[in-house]
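Novice:
In the numbering used here, the protein residues as written are 333 to 449.
1. Can you list, in chain order, the residues of its chain with a C-beta nearer than 8 Å to that of residue 447? Leave out the 5 residues immediately preceding and following it.
2. Please report the straight-line C-alpha distance between residue 347 and residue 369, rounded to a whole angstrom.
3. Helix, strand or coil for residue 349 per DSSP?
4. Can you tell which of 372, 399, 415 has the C-alpha that lies nearest to the C-alpha of residue 345?
5. Quick one: using the 10 Å Cβ neighbour count with 16 as the cut-off for buried, is residue 450 buried or exposed?
6. From 336, 409, 416, pick the residue whose C-alpha is nearest to that of residue 377; which is it?
7. Do residue 425 and residue 374 have their C-beta atoms closer together than 8 Å?
8. According to the Cβ coordinates, are residue 439 and residue 359 closer than 8 Å?
9. The alpha helix (DSSP H) with residue 441 in it runs from where to where?
10. Whole angstroms is fine: what's the gap from residue 422's alpha carbon to residue 380's?
11. Determine the burial state of residue 436: buried for a count of at least 16 other Cβ atoms within 10 Å of its Cβ, exposed for fewer.
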């Protein structure tokens, strides 16, 4: 998680002029939007909607790229390259959820730390 926090700081720092008052809302919005993406990925997987699943992966990857969470970006890219079908959706979802949980914890911890400064 520490590496993820460092990546986020390295990417968001220049975007926010290293100002906590700008960084904290971005972190909060990223977590909110990504939580929504993960919920929709789960729904798409449960309903077997491969196209919707791929669309949400792409959206999640875009947010992760802006935040600098490179491992989540790599996981999204890897899954996008799979020959996804309904049978592989649960596996793909589990990988995304596992990687996102680390990112979510890092982003949440940074919100607390930056909010205290």
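Heads up, the beta-carbon is just placed ideally off N, CA and C, and yes, glycines get one too.
Specialist: With the structure as the only source:
1. The residue given as residue 447 occupies position 115 in the chain shown. These residues qualify, in order along the chain: 352, 356.
2. Working through the chain shown from its first residue, we reach residue 347 at position 15. Working through the chain shown from its first residue, we reach residue 369 at position 37. The alpha-carbon atoms of residue 347 and residue 369 are separated by roughly 23 Å.
3. The sequence position of residue 349 within the chain shown is 17, counting from 1. Coil.
4. Mapped onto the chain shown, residue 345 falls at position 13. The option with the nearest alpha carbon to residue 345 is 399.
5. Since the first residue shown for the chain is 333 and the last is 449, residue 450 is missing from the structure and cannot be characterised.
6. Stepping through the chain shown from its first residue, residue 377 is reached at position 45. For residue 377, the nearest C-alpha among the options comes from 416.
7. As a first step, residue 425 is located in the chain shown; it is residue number 93 there, counting from the start. As a first step, residue 374 is located in the chain shown; it is residue number 42 there, counting from the start. Yes.
8. Here the question's residue 439 lines up with position 107 in the chain shown. Here the question's residue 359 lines up with position 27 in the chain shown. Yes, the Cβ-Cβ distance between residue 439 and residue 359 is below 8 Å.
9. Here residue 441 corresponds to residue number 109 of the chain shown, with the count starting at 1. Segment 421–448, the alpha helix (DSSP H) holding residue 441.
10. Locating residue 422 in the chain shown gives position 90, where the first residue counts as 1. Locating residue 380 in the chain shown gives position 48, where the first residue counts as 1. Just so you know, the alpha carbons of residue 422 and residue 380 end up roughly 9 Å apart.
11. Reading the chain shown from its first residue, position 104 is the one you call residue 436. Residue burial is scored here from C-beta neighbours: residue 436 has at least 16 other C-beta atoms within 10 angstroms and is therefore classed as buried.
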